[in-house]
Structure formats: structure tokens, C-alpha cells
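**Q** One structure, as C-alpha cells, below. Some questions next.
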Amino acid sequence: MRTAISLTYERPDALPAPFTDDDVRTPPALVERCLAEHTDPGDVVLDPFAGFGTTLRVATELDRRAYGVELEERRVAYIREQGNHGTVIHGDARDLAALDLPAVDCVYTSPPFMVEGMPADPLQNYDGDTDYADYLDDVRDVFARVRELLRPGGHVLVDVSNMKYDEQVTTLAWDLADAIRRELHFEGEVVVSWEPGDDVNEYAEAQEGTFGYGYDHSYVLVFGAPE
């Protein structure tokens, strides 16, 4: 994969109520590009933070076997209502070892984002208390479980952005890279520049960034199975 790519920020379908104001989905074009680069038809793809099922849908359309884990029950129901987009499990990504998952060839995911100083726990749908250091430790634990599922030669792709909020910057992308590399071999990053599309929402515009987090670019962190 190239180390820098440019894509238009577009998502082809709108979310229904009550999710209208909670649309943090990755544009499918990025998922498709990454899976085409790192997987083959028939491969098993896992998203441990399945969200609204973008990874599962794209993987299925590319003839991959898709699995996802999602904590929020309403999102699980939404994915299942969309039809045959792989297998989604209602569960906690931190409990991957307890779930009935096969060995995987590739993981493509975007963990819930956190800003330094935020008191809520993103890994509990922002419903529990945590701090940034504990959040990073929990994310590392998730990818320790991912490592146990990953086949030799497999890849883990993490879609993330640094965060600018109230004039403060949280180096989330770099902090996640440092946490996850303790469990997996860090191969590098892909810088994704986003061109405005018809899907730029009001939140993105308010943050003065096409991506919606204060920047017009994001990253795909690329990890391999540990040597």
C-alpha cells in the first residue's frame, strides 16, 4: 500500500434515526482499498469495533468472510437488518478470547476515539468512567487478544485520527500506534488525505476539518503478526 493516498469523504447511504447525529463511519472507499491490498477472496476479516458494519459490508462485497464484534445492541440490530453482511456478535472487544471467533487473516477496525481529559469510557459507549492512560491500556489489551486470533502473515489495520478539540490536540493516532506496537509488529502508517464530498456534515464543518476531528487527513496504522 502507498504511504499517502487521497480519497473523497463520502458515504453512500445515510443512517436512519436515532443514529442521524452519531455518524462516525469510515467512508467505504478506504476500507475497500485497504482490504483489496491486504486480503484475498475467501480470507477471514474481523472488526472488533464493528460500529454500523462498514467493514463487514465491504468485506462481504469483496467475497471475504466477515466477522464483527459490537458492544451497543442497537448497532448490532442495525447491522443485522441490512442483510447478509457477515456475522456480527453482540459483545465486548475486550472479551474476544471468550467469543466464538475463527482465526483471521486481517483485522480492519477503528476503535472508539478518546480525547485527553475526557471522563467517559469510549470502550463502554462513553457510559463508564476512565482516564486516557487506562483507555490506552484497554486498547492494548484488545489487540493482545487480536494477536492470538491473527494467522501468520496476517495484518491489522487501524483507522484513526489525531484529535483537535477546544484548541487542544490529543495525539491519539501516535498514542495508539505506541500501545498496539507492544503486541503486534508495527509496519508503518498510511496518511489518508480527505477531499470534501457531499457527505461533509455540520460537525465536520464546525471542526474546520473535512474528516470531522479538526483535520483534513487521518491515518491507517499497519501492523503485522509478531515475529
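Heads up, the sequence shown is in numbering that gives the first Met the number 0, so the first residue is 0 and it goes up one at a time. Just so you know, even glycine gets a beta-carbon here, dropped at the ideal spot from N, CA and C.
#1: So what does DSSP say about leucine 183, is it helix, strand or coil?
#2: Does DSSP classify aspartate 133 as helix, strand or coil?
#3: Could you check which residue in Arg181, Arg63, Asp215 has the C-alpha nearest to that of glutamate 194?
#4: Output the distance between the C-alpha atoms of leucine 45 and glycine 85, rounded to the nearest integer angstrom.
#5: Give the secondary structure of serine 84 by DSSP, where H, G and I count as helix, E and B as strand, and everything else as coil.
#6: Given that a residue counts as buried once 16 or more other Cβ atoms are within 10 Å of its Cβ, and exposed if not, what is glutamate 69?
#7: Locate the alpha helix (DSSP H) running through glutamate 36, then write down its first and last residues.
#8: I want to know whether the region 155 to 175 touches the region 3 to 20 - three or more CB-CB distances under 8 Å.
#9: Within 10 angstroms of its Cβ, does threonine 169 collect 16 or more other Cβ (buried), or is it exposed?
#10: Beta-carbon of aspartate 94 versus every beta-carbon of chain C: anything under 7 Å?
#11: If you compare alpha carbons, which of Gly50, Leu61, Arg64 is closest to proline 110?
#12: Using a Cβ distance threshold of 8 Å, determine whether the region 69 to 81 contacts the region 97 to 110, with at least three qualifying pairs required.
#13: Taking the alpha-carbon positions, what's the threonine 7 to cysteine 33 distance?
#14: Among Ala3, Arg56, Tyr66, Ser160, which has the Cα closest to the Cα of valine 106?
#15: Give the single residue among Leu55, Val30, Pro15, Met162 whose Cα lies nearest to the Cα of glycine 82.
#16: Does the Cβ of threonine 25 have 16 or more other Cβ atoms within 10 Å, making it buried, or fewer, making it exposed?
#17: Only counting the same chain, and skipping five residues up and downstream in sequence, which positions put a Cβ closer than 6 Å to that of isoleucine 88?
**A** The answer reads as follows:
#1: Coil.
#2: Here aspartate 133 sits in helix by DSSP.
#3: Distance from the Cα of glutamate 194 is smallest, within the candidate group Arg181, Arg63, Asp215, for Asp215.
#4: If you take the alpha carbons of leucine 45 and glycine 85, they lie about 10 Å apart.
#5: First, the residue type needs correcting, since residue 84 is histidine and not serine in the sequence shown. In this structure, histidine 84 counts as coil in the three-state DSSP scheme.
#6: Burial is judged here by how many other beta carbons sit within 10 angstroms of a residue's own beta carbon; glutamate 69 has at least 16 and is buried.
#7: According to the DSSP assignment, glutamate 36 belongs to the alpha helix (DSSP H) that extends over 27 to 37.
#8: Contact between the region 155 to 175 and the region 3 to 20 is absent, because fewer than three Cβ pairs lie under 8 Å.
#9: Buried is the call here.
#10: Although the question refers to chain C, the structure presented lacks it and comprises just one protein chain.
#11: For proline 110, the nearest C-alpha among the options comes from Gly50.
#12: No, because fewer than three Cβ pairs between the region 69 to 81 and the region 97 to 110 fall closer than 8 Å, the two stretches do not touch.
#13: Taking the straight line from one Cα to the other gives about 15 Å.
#14: Measuring from the Cα of valine 106, the nearest candidate turns out to be Tyr66.
#15: Answer by Cα proximity: Leu55.
#16: It counts as buried.
#17: Val68, Leu98, listed in sequence order.
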